[in-house]
Amino acid sequence: MWIFEREGPSGFSASTTAEEVTQGIDGTGLTAIVTGASSGIGKEATRVLALRGVRVIMAVRNTKAGSAVKDAIVKEIPAAKVEVMELDLSSMASVRKFAAQYNATGLPLNILINNAGVMVSKFNLSKDDIELHFATNYLGHFLLTNLLLDVMKSTAAESNVEGRIVVVSSLGHRFVHKEGIQFDKINVDTRYKYGQSKLANILHAGELSRRLKVLYYLWFQKTSELYFVFSFTLPSKFYFFPFQSGRRDSSNWASSGIGLETARVLALRGVHVIMAVRNTDAGRAVKDAILEEIPAAKIEVMEIDLSAMASVRKFAAEYKAMGLPLNILINNAGVATLDFLLSEDNIELHFATNHLGHFLLTNLLLETMKNASAETHIEGRIVNVSSLAHGIVCHEGIRFDKINVDNKFKYGQSKLANILHGTELSRRLKEEGVLITANSLHPGIIVTKNFRHSKFLSGLFNKIGKFACKSVQQGAATTCYVALHPQVKGVSGKYFADCNLSQPSSLARDPELAKKLWDFSLNLTAAPTDVYHC
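According to the UniProt record's numbering, the stretch in the sequence shown is residues 1 to 534, in order.
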């Protein structure tokens, strides 16, 4: 029919086939995941991608049917690279299992095609007690995308090849209730349940695109610029959780979010916490709140502005004058803003606050940490809180000659510096034979007030955010794990996520880049060099 043959601006029409639309495209070296790949559109998409040289992972509920499709494709295209993995998108546990297994393979991911879907007239609930259409067509894909996003970001950053997430929706997205998605009636049987799930597909893609364009600043508060550092005195033995009393902890931290929760939990376990904050009034308010909950908590407040090297030096001098030991230093504080700003020392604000202030602080407190570990024979720990955004940088990683030039990579650059700092510090401490470790981590994506800026997501996360994002309590877990848990004893120079070892970007693993950053940071801070005897 002529209506199917009429070409659009792309030069293709409704009658164009998948083979025709990809004619002449070489997908060699690309890796794709296709959900619902054992039949229909997913099956044909898999075949054509394989035909163009793409390595395809078929994410299917029925692996027997998937294997049959794979065999048919390989028979037609002997050079095809096709694999089958099990995935039930209606089950959040299955989605998490699939993502964990895929991430464990170490494969890159360039293309994610969220294709799978169900359409039934009956009202059914998923294993998680969520209406089946919403659970399978939308929620499973939403969670899958979030769980695979880190590897897609790393792949894009390392290869400089654009990653693509494709969400298969439907004209049925128009057949919905007047408000679109009935957040308070997700599990109510209506004639709109399929259309609602397809509308959610489009809204998901639109919001995801917006967030990717602003380079992952989404989970940081522009006003959260309080800082903290942890230190505490341990008894002669490293205990497992729960901790005994009699420990001292000092921390550069925020008055909300992960920093607050880390401080609260440490105080709950009997740790003596020293909160190093830029705003001491806010710090004291948090201290009072913790004391109200935990009357026996030991907490002190000290002032520090990590963007100002003079303030860092003043804090370090005051801390050392107290004569307290220092076993653990958690470099958690950070800023994230789209604005281009310079610090008091005329250094780009992200680099100054997120990296340079912590670099100087660590150097100034290192002698105290060495003394504490030597006297107690207890391992000291330095923890740098980085971010998955460390992979969003320019191709050389850190632009040493353009630190004060405004660019879209300024936040990612500072987070990459956190990991490189930890790596090089670890190397130096090992060479010296000091009983101190240094590691970095990504805390995870946390549900914060930033979600209020999206009407769609604010409603969505109130209902189902628990399936995809971490709570503040969960977000603080990796920090506490790396800082305190006996399982991490002796581990140094590593990167953690979700309380497990993880793989940072290739730039974050570059020892020469780490050394170059170290020397560059020493020059900027005029930090002492005699704390390293190597």
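From the three backbone atoms N, C-alpha and C, an ideal C-beta is built for every residue, glycine too.
Self-check item: Own chain, CB closer than 8 angstroms to D26, minus 5 neighbours either side, in chain order
Solution: R52, G53
Quiz item: In chain order, which alpha helix (DSSP H) runs of at least 4 residues are fully inside the segment 26-114?
Solution: 40-51, 63-76, 92-105
Quiz item: In chain order, what residues of the same chain lie with their CB nearer than 6 angstroms to the CB of residue 535, ignoring the 5 residues before and after it?
Solution: Since the first residue shown for the chain is 1 and the last is 534, residue 535 is missing from the structure and cannot be characterised.
Practice problem: Would you kindly report the start and end of the unbroken beta strand (DSSP E) that includes K298? | Solution: 298-303
Quiz prompt | Minimum length 4: unbroken alpha helix (DSSP H) runs contained in the segment 350-418 | solution = 357-376
Quiz item: Relative to the C-alpha of S311, which residue among H485, S343, D498 is closest?
Solution: S343
Quiz prompt | Distance, L268 Cα to I294 Cα | solution = 7 angstroms
Quiz item: By the 10 Å Cβ neighbour count, where 16 or more other Cβ atoms means buried, how is T105 classified, buried or exposed?
Solution: exposed
Self-check item: Proximity winner among V271, A282, K408, T368, relative to A336 (alpha-carbon distances)
Solution: K408
Quiz item: Rounded to whole angstroms, how far is the Cβ of R284 from the Cβ of V301, which I believe are closer than 8 angstroms?
Solution: 5 angstroms
Self-check item: Through-space distance from M309 to S197, alpha-carbon basis
Solution: 52 angstroms
Quiz item: Given a threshold of 16 other Cβ atoms within 10 Å of its Cβ, counted over all protein chains shown, does L306 qualify as buried or as exposed?
Solution: buried
Quiz item: With 16 other CB atoms within 10 Å as the buried threshold, where does E375 fall?
Solution: exposed
Practice problem: Spell out whether any CB of chain C is found under 7 angstroms from the CB atom of R284. | Solution: As a matter of chain content, chain C is missing from the structure shown, which is built from one protein chain.
Practice problem: Would you kindly work out how many angstroms separate the C-alpha atoms of T479 and V84, rounded to a whole number? | Solution: 35 angstroms
Quiz prompt | Bridge-paired residues (DSSP) for S502 | solution = Y495
Quiz item: What does DSSP give as the partner residues of R164 in its beta bridges?
Solution: I111
Quiz item: Applying the criterion that 16 or more other CB atoms from any shown protein chain within 10 Å of the CB defines a buried residue, is M152 buried or exposed?
Solution: buried
Quiz prompt | Range covered by the beta strand (DSSP E) that runs through N332 | solution = No beta strand (DSSP E) contains N332, which DSSP labels as neither H nor E.
Quiz item: With 16 other CB atoms within 10 Å as the buried threshold, where does N500 fall?
Solution: exposed
Quiz item: R191: buried (16+ other C-beta within 10 angstroms of its C-beta) or exposed?
Solution: exposed
Quiz prompt | Assigned secondary structure, G172 (DSSP; H/G/I helix, E/B strand, else coil) | solution = helix
Practice problem: Would you tell me roughly how many angstroms separate the C-alpha atoms of Q182 and V188, rounded to the nearest one? | Solution: 9 angstroms
Exercise. Could you tell me the boundaries of the beta strand (DSSP E) in which L306 lies?
Key: Looking at the DSSP string, L306 is not in any beta strand (DSSP E), and its letter there is neither H nor E.
Quiz prompt | Residues near L416 by beta carbon distance below 7 angstroms, same chain, minus five either side | solution = H390, V393, G397, I398, L507, A508
Quiz prompt | Selection from A32, F12, N201 that minimises the alpha carbon distance to Q23 | solution = F12
Self-check item: Backbone CA spacing between I299 and V273 [nearest angstrom]
Solution: 5 angstroms
Quiz item: When DSSP labels each residue in this structure, what does Y216 get in the three-state scheme?
Solution: Reliability of the predicted coordinates at Y216 is poor, the pLDDT of 31 falling under 50, and the value obtained from them is presented with this limitation in mind. Correct three-state label for Y216: coil.
Quiz item: Can you tell me whether DSSP reads residue 549 as helix, strand or coil?
Solution: Residue coverage of the chain in this structure runs from 1 to 534, which leaves residue 549 outside it and unanswerable.
Practice problem: Name the residue from I304, A93, T46, A156 whose alpha carbon lies nearest to the alpha carbon of D129. | Solution: A93
Exercise. Would you mind working out which of L148, F496, E19 sits nearest residue 548, comparing C-alpha positions?
Key: What the structure shows of the chain is the stretch from 1 to 534, and residue 548 is not part of that stretch, so it cannot be assessed.
Exercise. On a CA-only basis, which of L366, S492, N418, L349 is nearest S387? Give me that one, please.
Key: N418
Exercise. Would you decide whether L366 is buried or exposed? Buried here means 16 or more other CB atoms lie within 10 Å of its CB.
Key: buried
Quiz item: At what residues does the alpha helix (DSSP H) containing I290 begin and finish?
Solution: 280-293
Quiz prompt | Burial state of N160 (16 or more Cβ within 10 Å) | solution = exposed
Practice problem: Classify V277 as helix, strand or coil using the three-state DSSP reduction. | Solution: strand
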